[in-house]
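Residue numbers (the numbering used here): 314 to 666.
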C-alpha cells in the first residue's frame, strides 16, 4: 500500500492523504502513544475529520467499490490500514448496540465527564415547597430559588465492551460477513446496557437507597386493573410533578396485562388478534427481564436517568495474553445513574394501597 492515497474529500477535491508517518504522528500527538500502538478507531476517525474525508472515500481510493467486499486480512495485516479496519469494526458494533438496541429509550441525556469517579450533584428545592409561586408585581418579596449542591455520594464509572479475535479463519472472511457478527456482538452489548439501565431505574444507584424510587400499591393485592394504572399515572403526576411515558415490566406481567378481563371479556382482544401488546399509559410496554414479578416501573424518560460517560466508545487492537491472537475490542467507560428520583414510580401489584 502506498504511504499516501489520492482521495476525494467531502468537497469533491482531490487530496493526498498520508497513511504512514504523518497519520501515526497525528494519532500519537492527539491521543497518545498507546492509542497509536493499538490502532485506535477514535484517533483514526479524528484524523479523517481533520482532512474532511470519510471511510467510504478511503475505501474507494484503495480500489474497492464498497467496504463489504474487502477481505479482513487485506486491511488488518497492513500497518497503514489497520486503524481503518478498527474504524469499520466500530461502525459494525455501534450498529448493534446503538441502532438495534432499546436502552437509549430510557436515557434522558448522556453527560461527558473528565473523571472516572464523578461527584454527584443535585438540586435542593426543599425551601420551595411552602412558597407562593406567583407574586403580584411590585410586592417586593424574593423569588423562590433552588440550590445546586454537591452530595456526599460519588459515582464510579465502569468499563464495558465487546471484542472479537482475528484467527486465521476469521481473517479469510470479507467485511460483509464480519459485519453480521459485529452487529450481533453489538446487540449483546446493548442488551447488557439495557439491563443496567432498568436495574438503576428499579433500585437506584447508591447502596444506601437514597435514590430508590417511591412505590405505590394497587386496589386489590394480586390483581392489576385499568383503574390501578390510571390512578398510578395520575398519582405520579399529581404528587411528584412527573408524567410517565414508559411502563417497564417483565414478559409475564405484560402477558397478564394483555389478558385483562372485564365482565368475563378480554379487554384487549384486538391487540391479541393483531399480535401486539396493548398500551400501558398510552405507550407500548417496555419489556425487561430485570423487572421481577409483581413490579411495574412507570418512568418519565425526560428526567429519570442520565448516563455519565468518561470515555467515548472506540475500538483498539490488542493481543490476547493467553492465546497470542490479535483482536479488536470496542469499549467505553460510563455509568447509568437516576437523575430525578421521583421521575420513577414502582407499582407493587402484590401490595394493596
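The beta carbon of each residue, even a glycine, is placed where N, CA and C say it ideally should be.
Note that the coordinates shown come from a computational prediction; the quantities given were computed from them, not determined experimentally.
Need the endpoints of the alpha helix (DSSP H) that residue i sits in, please.
{"i": "residue 670", "result": "Outside the shown range of the chain, which is 314 to 666, sits residue 670, and nothing can be said about it."}
{"i": "residue 404", "result": "395-407"}
{"i": "residue 317", "result": "Note, residue 317: premise wrong, no alpha helix (DSSP H); beta strand (DSSP E) at 317-321."}
{"i": "residue 370", "result": "368-374"}
Contact defined as beta carbons within less than 8 Å: I believe residue i pairs with residue j. What is the distance between those atoms, to the nearest angstrom?
{"i": "residue 299", "j": "residue 397", "result": "Any question about residue 299 goes unanswered here, given that the chain covers just 314 to 666."}
{"i": "residue 513", "j": "residue 649", "result": "5 Å"}
{"i": "residue 628", "j": "residue 411", "result": "About 14 Å separates the two Cβ atoms, so there is no contact after all."}
{"i": "residue 642", "j": "residue 426", "result": "So it is not a contact: roughly 22 Å between Cβ atoms."}
{"i": "residue 323", "j": "residue 367", "result": "7 Å"}
{"i": "residue 665", "j": "residue 533", "result": "6 Å"}
{"i": "residue 496", "j": "residue 405", "result": "6 Å"}
{"i": "residue 661", "j": "residue 613", "result": "Not quite, the Cβ-Cβ distance comes to about 19 Å (not below 8 Å), so this is no contact."}
{"i": "residue 506", "j": "residue 416", "result": "4 Å"}
{"i": "residue 549", "j": "residue 658", "result": "4 Å"}
{"i": "residue 535", "j": "residue 663", "result": "6 Å"}
{"i": "residue 619", "j": "residue 422", "result": "5 Å"}
What first and last residue would you give for the beta strand (DSSP E) that runs through residue i?
{"i": "residue 432", "result": "430-437"}
{"i": "residue 531", "result": "528-531"}
{"i": "residue 422", "result": "422-425"}
{"i": "residue 327", "result": "327-331"}
So, helix, strand or coil for residue i, using DSSP?
{"i": "residue 651", "result": "strand"}
{"i": "residue 578", "result": "strand"}
{"i": "residue 383", "result": "coil"}
{"i": "residue 354", "result": "helix"}
{"i": "residue 664", "result": "strand"}
{"i": "residue 505", "result": "helix"}
{"i": "residue 540", "result": "helix"}
{"i": "residue 481", "result": "helix"}
{"i": "residue 487", "result": "strand"}
{"i": "residue 492", "result": "helix"}
{"i": "residue 412", "result": "helix"}
{"i": "residue 349", "result": "helix"}
{"i": "residue 602", "result": "coil"}
{"i": "residue 378", "result": "coil"}
{"i": "residue 499", "result": "helix"}
{"i": "residue 391", "result": "coil"}
{"i": "residue 466", "result": "strand"}
Considering Cα atoms alone, identify which of the options is closest to residue i.
{"i": "residue 499", "options": "414, 325, 348", "result": "414"}
{"i": "residue 589", "options": "406, 572, 576, 658", "result": "572"}
{"i": "residue 333", "options": "419, 399, 581, 391", "result": "391"}
{"i": "residue 561", "options": "555, 596, 580", "result": "596"}
{"i": "residue 339", "options": "326, 323, 362, 327", "result": "362"}
{"i": "residue 508", "options": "486, 347, 473, 656", "result": "473"}
{"i": "residue 646", "options": "351, 399, 475", "result": "475"}
{"i": "residue 667", "options": "617, 558, 492", "result": "The structure shown does not extend to residue 667, since the chain is modelled only from 314 to 666, so the question has no answer here."}
{"i": "residue 351", "options": "636, 658, 659, 630", "result": "630"}
{"i": "residue 420", "options": "580, 318, 510", "result": "510"}
{"i": "residue 488", "options": "433, 383, 480", "result": "383"}
{"i": "residue 609", "options": "577, 326, 537", "result": "537"}
{"i": "residue 386", "options": "399, 378, 418", "result": "399"}
{"i": "residue 529", "options": "539, 523, 544", "result": "544"}
{"i": "residue 470", "options": "635, 632, 625, 636", "result": "625"}
{"i": "residue 569", "options": "550, 557, 548, 600", "result": "600"}
{"i": "residue 559", "options": "349, 551, 381, 594", "result": "594"}
{"i": "residue 432", "options": "468, 422, 418", "result": "468"}
{"i": "residue 502", "options": "519, 409, 335", "result": "409"}
{"i": "residue 636", "options": "478, 428, 535", "result": "478"}
{"i": "residue 667", "options": "429, 604, 547", "result": "Past the edges of the chain, shown from 314 to 666, lies residue 667, and the structure says nothing about it."}
{"i": "residue 639", "options": "331, 318, 371, 482", "result": "482"}
{"i": "residue 372", "options": "581, 395, 653", "result": "395"}
{"i": "residue 490", "options": "346, 644, 380", "result": "380"}
{"i": "residue 632", "options": "580, 480, 546", "result": "480"}
{"i": "residue 389", "options": "407, 364, 378, 354", "result": "354"}
{"i": "residue 325", "options": "335, 346, 369, 359", "result": "369"}
{"i": "residue 429", "options": "634, 652, 663, 623", "result": "623"}
{"i": "residue 575", "options": "486, 434, 424, 539", "result": "539"}
{"i": "residue 531", "options": "607, 654, 618", "result": "607"}
{"i": "residue 464", "options": "547, 592, 485, 435", "result": "435"}
{"i": "residue 393", "options": "359, 349, 342, 365", "result": "349"}
{"i": "residue 652", "options": "577, 644, 546, 526", "result": "526"}
{"i": "residue 364", "options": "615, 567, 587, 330", "result": "330"}
Whole runs of the beta strand (DSSP E) within the stretch 610-662, excluding any shorter than 3 residues: Within the stretch 610-662, the complete beta strand (DSSP E) runs of at least 3 residues are 618-632, 639-651.
field: beta strand (DSSP E) runs contained entirely in the stretch 542-596, provided each spans 3 or more residues
entry: If we require 3 residues or more, the beta strand (DSSP E) runs fully inside the stretch 542-596 come out as 559-562.
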